[in-house]
Amino acid sequence: QVQLVESGGGLVQAGGSLRLSCAASGSMFWLNTMGWYRQAPGKERELVARITSADLRNYADAVKGRFTISRDNAKNTVYLQMNSLKSEDAAVYYCNLVRRTDGTSYWGQGTQVAVSS
């Protein structure tokens, strides 16, 4: 069983920055694809950024150039650096792990990001 624990959310002014962290339990973390998703009130959950075991990254168009996903395999942790935050970035952010061995998807509990204008 994999557990994901997010941290780093909070309230920030528009234009500010936050860094989210997601620590994963379990072994062979480096094999898995990690992602950050977000869900705003009344909207569907959407992909923000994803990073594979080969360090290939992809981003939602809305965050390209502002957000950066990275991983530290030694710490079983994935990060999301968010710069130039906008009001439309406000949402609950969820960490996701897709286990390479069988494709099982795991979710964290979510961390709230609020952006004041």
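In the numbering used here, the protein residues as written are -13 to 103. The beta carbon of each residue, even a glycine, is placed where N, CA and C say it ideally should be.
Asked, Found
"What separation, rounded to the nearest whole angstrom, lies between the Cα atoms of Met20 and Leu42?", "11 Å"
"Going by DSSP, what residue range makes up the beta strand (DSSP E) through Gln25?", "19 to 25"
"Please go through the same chain and pick out, in chain order, the residues whose beta-carbon is closer than 6 Å to the beta-carbon of Gln(-11), but skip the five residues on each side of it.", "Ser11"
"With distances taken from CA atoms, which of Ser103, Glu74, Cys8 is nearest Gly28?", "Glu74"
"To the nearest angstrom, how far is it from the Cα of Leu83 to the Cα of Lys72?", "26 Å"
"Evaluate Asn62 with the Cβ neighbour count: other Cβ atoms within 10 Å of its Cβ, from every protein chain shown; 16 or more gives buried, anything less gives exposed.", "buried"
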